[in-house]
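See structure below.
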Amino acid sequence: ALGTRIQQHKEADFDAVIAASLAEVDLPAALAEAAHSTAYDDEVARSHDAGKDPEQDAYVGTPTIHVDGTVWFGPVLN
Numbered sequence: 535a536l537g538t539r540i541q542q543h544k545e546a547d548f549d550a551v552i553a554a555s556l557a558e559v560d561l562p563a564a565l566a567e568a569a570h571s572t573a574y575d576d577e578v579a580r581s582h583d584a585g586k587d588p589e590q591d592a593y594v595g596t597p598t599i600h601v602d603g604t605v606w607f608g609p610v611l612n
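Here you go:
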């Protein structure tokens, strides 16, 4: 939902994009508050760093995050 609005439709009002995207995928509107919070920065950075190739000390994709043991590549909330 986010990628379609930002990448394909070139929508630039990110607060509106987030609100509409949450509604589209039936997630609570209150999650939008996280977009302006720094509370998750350390965890996102830790998860991103976990995506390094341990043999080469190199990243395998940017950005990379882990959610419940699954690795995800691609855009994250800005």
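Counting the sequence shown from 1 gives a position; our numbering is that position plus 534.
Don't be surprised by glycine CBs; every beta carbon is placed ideally from N, CA and C.
For Val-605, the enclosing beta strand (DSSP E) starts and ends at 604-607. Annotation for Glu-577: the continuous alpha helix (DSSP H) segment containing it runs 575-583. Nearest to Val-578 by alpha-carbon distance, out of Trp-606, Arg-539, Val-551 and Glu-545, is Trp-606.
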